[in-house]
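Read the structure below first, then the notes.
Protein chains in written order, with my numbering: chain A, 1 to 200; chain B, 1 to 190.
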């Protein structure tokens, strides 16, 4: 019997890893319209900002038709930016609908949520319409493509954003960064915990 | 190098075969079949324990619930349809609980798939869910029930300790009283 090396075993494990789909509890609201993906490289970018930096300002169009600048919240609201990779994909479609029911938690922490993807406005409009009424602005970083994501260092090499959470205080200073494994949804309690720290 | 790759593929295929019961996508429970084993954490809340007729232990299995019929809702706080149908499911619970002839015969539980304890609690508080909600943060139960879309309802009847599926369907319901009638009919309680 031939001796099987550790290298062979490792090859097998790696192949298994990439063949195994990520688990997600997708809502029936999206029916068969979700584009399913295999596991992706967890992160694929290099941050250009760090905790303590002033958050790079930006102005992006929203699906409501207005343009929103980060600086409009300066001195008024804490800001949570939720970058998600792409519309009509499994984990992304299973993230913002949860935020739709926690406006009270954001209000309590004097915070606003900004949802950003690199999709264009019509795509974002159609996709988020399936989620019910979202109370937070949904912004398109489509053109120049991924410019805002890139300014934070969360633009992946394939042109989509990372699944990232960035918490910015009322002074415009970055207080928390979570460039999350793209295959998983960040826990809500981690976001809420960071917001609560801002008020202590 | 070529030999290494071949060995790797052989090991991958072998590993797939031996891990099939764990990693393969199972089918949703079919009507008439026995519900796969689902182990849940014993509720801390005494009202929930009393509702389910449970008393001791850190965990329990579905057939241990002291009743004849159990309706399981597979849900998620991140699911718009689950959010939209939450009040209808609450109404179903209240109709059952307010009927002395039914309240001991039918119990309702929710399993929040992919949700942490905190996230399941957010859903419970947001919609004043009166029945026990259990979290399935690592999707382990979700895998057992075939990674169904949410909401998904499973109706089971306990016969001699065996949980047999009489209803298994994705999507919510329009009216609680009509759904209850369907449950009564399919389970044989009526």
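Even for Gly, the Cβ is constructed at its ideal location relative to N, Cα and C.
(message) Quick check on the burial criterion: 16 or more other C-beta atoms within 10 angstroms. Buried or exposed for residue 106 of chain A?
(response) As a first step, residue 106 of chain A must be located in the first chain, where it is residue number 106. Its Cβ being crowded by 16 or more others within 10 Å, residue 106 of chain A is buried.
(message) So if I threshold CB-CB distances at 9 Å, which residues from the region 75-108 of chain B count as touching chain A?
(response) 75, 76, 77, 78, 79, 80, 81, 82, 83, 84
(message) What does the Cβ neighbour count give for residue 146 of chain A, buried or exposed, with the cut at 16 atoms within 10 Å?
(response) Residue 146 of chain A sits at position 146 when you count from the first residue of the first chain. By the 10 Å Cβ count, residue 146 of chain A comes out buried.
(request) Could you name the residues of chain B that residue 187 of chain A contacts, counting a contact when the two beta carbons are closer than 8 Å? (result) Along the first chain, one-based indexing puts residue 187 of chain A at 187. Correct list: 116, 118, 119.
(message) Please confirm whether residue 126 of chain B has its beta-carbon closer than 8 Å to some beta-carbon of chain A.
(response) Looking up residue 126 of chain B in the second chain gives position 126. It does; some Cβ of chain A falls within 8 Å.
(request) Write down every uninterrupted run of the alpha helix (DSSP H) in the region 77-139 of chain A whose length is 4 residues or greater and which is fully enclosed by it, in chain order. (result) 90-93, 96-99, 103-108, 121-129
(request) For residue 119 of chain A, count neighbouring C-beta atoms within 10 Å of its own C-beta (all shown protein chains included) and say buried if the count is 16 or more, exposed if not. (result) Taking the first residue of the first chain as position 1, residue 119 of chain A is located at position 119. The residue is buried, with at least 16 neighbouring Cβ atoms inside 10 Å.
(request) For residue 151 of chain B, return the contacting residues in chain A, with the cut-off set at a CB-CB distance below 9 Å. (result) Indexing the second chain from 1 puts residue 151 of chain B at position 151. Here the neighbours are 27, 28.
(request) Anything in the region 81-101 of chain A with a Cβ closer than 7 Å to a Cβ of chain B? List those residues in chain order, please. (result) 94, 95, 97, 98, 101
(message) Taking CB distances under 8 Å as the criterion, tell me whether residue 139 of chain B reaches chain A.
(response) Along the second chain, one-based indexing puts residue 139 of chain B at 139. Yes, its Cβ sits closer than 8 Å to a Cβ of chain A.
(request) Measure the C-alpha to C-alpha separation of residue 61 of chain A and residue 69 of chain A and round it to an integer number of angstroms. (result) Numbered from 1 along the first chain, position 61 holds the residue referred to as residue 61 of chain A. Numbered from 1 along the first chain, position 69 holds the residue referred to as residue 69 of chain A. One C-alpha to the other measures close to 9 Å.
(message) Which of the three DSSP states is assigned to residue 141 of chain B in this structure?
(response) Residue numbering aside, residue 141 of chain B sits at position 141 when the second chain is read from its first letter. Residue 141 of chain B falls in the helix class under three-state DSSP.
(message) Looking only at its chain, what residues have a beta carbon closer than 6 Å to the beta carbon of residue 93 of chain B, apart from the 5 residues adjacent to it on each side?
(response) Within the second chain, numbered from 1, the residue matching residue 93 of chain B stands at position 93. These residues qualify, in order along the chain: 108, 130, 131.
(request) Round the Cβ separation of residue 117 of chain A and residue 141 of chain A to the nearest angstrom and send it over; I've been treating them as touching at under 8 Å. (result) If you number the first chain from 1, residue 117 of chain A lands on position 117. If you number the first chain from 1, residue 141 of chain A lands on position 141. That belief holds up - the Cβ atoms of residue 117 of chain A and residue 141 of chain A are roughly 7 Å apart, short of 8 Å.
(request) Please name the residue in B:155, B:57, B:143 whose C-alpha comes closest to that of residue 34 of chain B. (result) In the second chain, residue 34 of chain B corresponds to position 34, counting from 1. When each option's Cα is compared against that of residue 34 of chain B, the closest is B:155.
(request) Could you say which of A:148, A:64, A:38, A:182 lies nearest to residue 92 of chain A if we only look at CA atoms? (result) Counting from one through the first chain, the residue named residue 92 of chain A turns up at place 92. Of A:148, A:64, A:38, A:182, the residue nearest in Cα terms is A:182.
(message) Using beta carbons (cut-off 8 Å, strictly below), is residue 132 of chain A in contact with chain E?
(response) In summary, chain E is missing from the structure at hand, where the protein chains are A and B.
(message) Let me make sure I understand the geometry here. Which of B:127, B:68, B:41 has the alpha-carbon closest to that of residue 57 of chain B?
(response) As a first step, residue 57 of chain B is located in the second chain; it is residue number 57 there, counting from the start. It is B:41.
(request) Would you give the residue range spanned by the alpha helix (DSSP H) that residue 67 of chain B belongs to? (result) Position 67 of the second chain, counted from the start, is the residue given in the question as residue 67 of chain B. Element bounds for residue 67 of chain B: n/a, residue is neither H nor E.
(message) Are the CB atoms of residue 98 of chain A and residue 78 of chain B within a distance shorter than 8 Å?
(response) For the purposes of this step, residue 78 of chain B is taken as residue 78 along the second chain, with counting starting at 1. For the purposes of this step, residue 98 of chain A is taken as residue 98 along the first chain, with counting starting at 1. The answer is yes: Cβ separation under 8 Å.
(message) Looking at the secondary structure, which residues open and close the alpha helix (DSSP H) in which residue 123 of chain B lies?
(response) To locate residue 123 of chain B, count along the second chain from 1; it is residue 123. Looking at the DSSP string, the run of the alpha helix (DSSP H) that includes residue 123 of chain B is 117-127.
(request) Could you check which residue in A:38, A:71, A:125 has the C-alpha nearest to that of residue 81 of chain A? (result) Reading the first chain from its first residue, position 81 is the one you call residue 81 of chain A. Here the closest residue by C-alpha is A:71.
(message) Can you find the residues in the same chain that come closer than 7 Å, C-beta to C-beta, to residue 89 of chain B, ignoring five residues on each side of it along the sequence?
(response) Numbered from its first residue, the second chain carries residue 89 of chain B at position 89. Around residue 89 of chain B: 73.
(request) For chain A, find out if any of its Cβ atoms is closer than 8 Å to the Cβ of residue 113 of chain B; answer yes or no. (result) The sequence position of residue 113 of chain B within the second chain is 113, counting from 1. Yes, contact with chain A.
(request) Less than 8 Å between the CB atoms is what I'm expecting for residue 53 of chain B and residue 38 of chain B, so what's the real figure, rounded? (result) Here residue 53 of chain B corresponds to residue number 53 of the second chain, with the count starting at 1. Here residue 38 of chain B corresponds to residue number 38 of the second chain, with the count starting at 1. About 17 Å; that fails the 8 Å criterion.
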